[in-house]
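Residue numbers (numbering that gives the first Met the number 0): 0 to 105. In this text, a Cβ means the ideal position worked out from N, Cα and C, and glycines have one as well. Quick caveat, the model's predicted, so the values are computed rather than measured. Okay, so here's the structure we're looking at.
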Amino acid sequence: MGKKEAKPENFTQSRQRFGLIGIFVICVIIDLIGSLSYIFPLFELTDIAWAPISAALTYQLFGNAFGSLFNLIEEALPVTDLIPTATIMFFYTCYQRGVFRSHKKD
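Right under this line is the structure:
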């Protein structure tokens with residue numbers, strides 16, 4: 000089985016569909032849902048159900064298999080819910096793709 004490559008077209012399609020602000024808002028919502036177990040302790044049981052959903056959503060947004068796998072593990076493990084994995088993936092992908100670089104020469 001070969002190494003699974005990132006699919007940069009996922010991020011391009013997400014950016015065309017939702018825009019950068021939209022992707023950022025979606026990432027924050029994904030992270031907030033994952034953190035609900037801190038607000039409602041009974042929701043710790045739902046982390047197991049939320050983990051694959053969160054990983055699938057981040058893969059659809061970014062096409063990064065490693066980041067999505069990390070998201071899956073982070074959401075499934077107890078006490079790690081406060082790590083905003085989807086938001087970190089957003090900033091990492093934007094940095095990696097040069098989205099925030101200025102194209103002006105001073």
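Distance between residue j and residue i (C-alpha atoms, nearest Å)
i	j	result
Asp80	Ser13	25 angstroms
Ile25	Lys6	19 angstroms
Phe10	Leu35	26 angstroms
Met0	Met88	A caution first: Met0 carries a pLDDT of 42, below 50, which makes its placement in the model unreliable, though a value can still be read off. Computed Cα separation, rounded: 26 angstroms.
Tyr94	Ala75	27 angstroms
Val98	Ile22	13 angstroms
Leu60	Ile72	18 angstroms
Arg96	Ile20	16 angstroms
Phe90	Asp46	24 angstroms
Gly62	Arg100	21 angstroms
Proximity winner among the options, relative to residue i (alpha-carbon distances)
i	options	result
Gly66	Val78, Pro51, Thr84, Ala50	Thr84
Gly33	Ile52, Arg96, Tyr91	Ile52
Ile38	Thr92, Arg100, Val78, Thr86	Val78
Leu31	Leu44, Gln15, Trp49, Phe17	Trp49
Residue i CB to nearest heavy atom of the ligand NAP below 6 angstroms
i	result
Ser67	Judged by which ligands are present, the structure shown has none, so any question about the ligand NAP falls away.
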